[in-house]
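Each residue of the sequence shown is one higher than the one before, counting from 1289 in our numbering. Shown next, in structure tokens, is the structure this report addresses.
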Amino acid sequence: MTTIHPRHPGFYELLQLLIDEQGSTETLNQQVISGRVTAKHLQIKNKKYEQLQQRIAGLTAEYDGGTRTMEQFLRAVACLVSEAENY
């Protein structure tokens, strides 16, 4: 049996993080529509997610190119998502 390092979330933890992020995004959309969020708030959030998206794109390219296995790819993405929570 393979053990996962404690700082890496498991599949269901990762799924819950993604669901939570979707909820946060929907909340942000509602705040933008209502005018409660300024452009400056969005620039800060967009910058950090742009960086995260670039890192995930790099991991995807490694997986597509055969450099990473599916398990390695998912663990790396889980680690990135876990780090993103601390932004």
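Cβ atoms here follow ideal geometry from the backbone N, Cα and C, with glycine treated the same way.
Assuming residue i contacts residue j under a Cβ cut-off of 8 Å, what Cβ separation, rounded to an integer in Å, is found between them?
i	j	result
V1369	L1347	Incorrect: roughly 11 Å between the Cβ atoms, too far for contact.
A1372	L1340	5 Å
E1350	R1343	So it is not a contact: roughly 11 Å between Cβ atoms.
State the start and end residues of the unbroken alpha helix (DSSP H) segment that holds residue i.
i	result
T1313	1299 to 1322
Measuring alpha carbon to alpha carbon, tell me which of the options ends up nearest residue i.
i	options	result
N1334	Q1318, G1354, T1313	T1313
Counting only runs that start and end within the segment 1321 to 1359, where is the beta strand (DSSP E) found for 3 or more residues in a row? If one requires a minimum length of 3 residues, no beta strand (DSSP E) run lies completely within the segment 1321 to 1359.
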